[in-house]
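Visitor: Below is one structure. I have some questions about it.
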Amino acid sequence: MPVSLASVRQTHPLIGEYRSIRALSMRLTDTLSAEDQMLQSMPEASPAKWHLAHTTWFFETFVLAPHEAAYRPFDPAFSALFNSYYQALGTPFFRHRRGLLSRPGVEEVQAWRAHVDEAMEDLLAEGCASKMESLILLGLHHEQQHQELLLTDIKHAFFQNPLLPAYRQSRAPEGQAAPLRWVEY
Numbered sequence: 045m046p047v048s049l050a051s052v053r054q055t056h057p058l059i060g061e062y063r064s065i066r067a068l069s070m071r072l073t074d075t076l077s078a079e080d081q082m083l084q085s086m087p088e089a090s091p092a093k094w095h096l097a098h099t100t101w102f103f104e105t106f107v108l109a110p111h112e113a114a115y116r117p118f119d120p121a122f123s124a125l126f127n128s129y130y131q132a133l134g135t136p137f138f139r140h141r142r143g144l145l146s147r148p149g150v151e152e153v154q155a156w157r158a159h160v161d162e163a164m165e166d167l168l169a170e171g172c173a174s175k176m177e178s179l180i181l182l183g184l185h186h187e188q189q190h191q192e193l194l195l196t197d198i199k200h201a202f203f204q205n206p207l208l209p210a211y212r213q214s215r216a217p218e219g220q221a222a223p224l225r226w227v228e229y
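Start counting the sequence shown at 45; every next residue gets the next number (my numbering).
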């Protein structure tokens, strides 16, 4: 019985982890407007959009471009914008000015992520990823670091706003507390 590409995509050891980590990055921004994703409240912070783009740049630059002959970058100009400090790959855009990058927009960054994710899933499905497993895991761990940074950066940015917007609306606690009573020793 022939094996379908869909079943291979589901069974590769890294595919579930790749999908889960990349999807979490998108969920972290699902309550943010395009304007929220542009905020950079201090030189040490980066906009949410930049975090999404930078981690995509990592997979495109270090996994796909050097290891997949047929891969074509989504937009070669993005490399100069989303390189963070890899001097050997060119001069990175100034960290303290990342909030000035209105283009590409959030939708274009999301389309880029989808382009890279599709190519990564193809790579994983073809079984070529085994020789690059440690590099892919490094990229996933790098993405998790940026998830933490994204949250701290947006919380800092929201704190600067006198309206004190919430990152997420908190839910009321569910259930009831047990009645208070004195406990004898």
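Ideal Cβ placement from N, Cα and C applies to all residues, glycine included. A quick note: this is a predicted structure, and the numbers were derived from the prediction, not measured.
1. To the nearest angstrom, report how far apart F137 and Q191 are at their CA atoms.
2. With DSSP collapsed to three states, give me the class of G134.
3. Would you decide whether P57 is buried or exposed? Buried here means 16 or more other CB atoms lie within 10 Å of its CB.
4. How about S146 and R139: are their beta carbons less than 9 Å apart?
5. Looking at the secondary structure, which residues open and close the alpha helix (DSSP H) in which L126 lies?
6. Look at the alpha carbon of Q258 and the alpha carbon of L76, and state the distance between them as a whole number of angstroms.
7. Just the C-alpha distance for F203 and P209, rounded to the nearest angstrom, thanks.
8. Do E187 and I65 have their C-beta atoms within less than 9 Å of each other?
9. Using only alpha-carbon positions, find the residue among Y62, T73 and E61 that is nearest to Q154.
10. Taking the C-alpha atoms as reference points, what is the distance between Q84 and H95?
11. Measuring CA to CA, which of M176, F126 and F106 is closest to P148?
12. When you compare each of L193, G183 and L194 to V107 by their alpha carbons, which one comes out closest?
13. Of all the beta strand (DSSP E) runs that stay within the bounds of the segment 165-211, which reach a length of 3 or more residues?
14. Thinking just about the alpha-carbon of each residue, which of V227, V160 and T99 is nearest to the one in Y115?
15. In whole angstroms, give me the CA-to-CA distance for T196 and P87.
16. Along the chain, where does the alpha helix (DSSP H) that runs through E61 open and close?
17. Note the first and the last residue of the continuous alpha helix (DSSP H) segment covering W94.
18. By how many angstroms is the C-alpha of F103 removed from the C-alpha of I180?
Guide: So, to answer that:
1. 20 Å
2. coil
3. exposed
4. no
5. Going by the sequence as given, residue 126 is Phe instead of Leu. From DSSP, the alpha helix (DSSP H) with F126 extends over F122 to F126.
6. Given that the chain is displayed from residue 45 to residue 229, the structure contains no residue 258 and the question cannot be resolved.
7. 8 Å
8. yes
9. T73
10. 11 Å
11. F126
12. G183
13. none
14. V160
15. 14 Å
16. I59 to L72
17. A92 to F102
18. 8 Å
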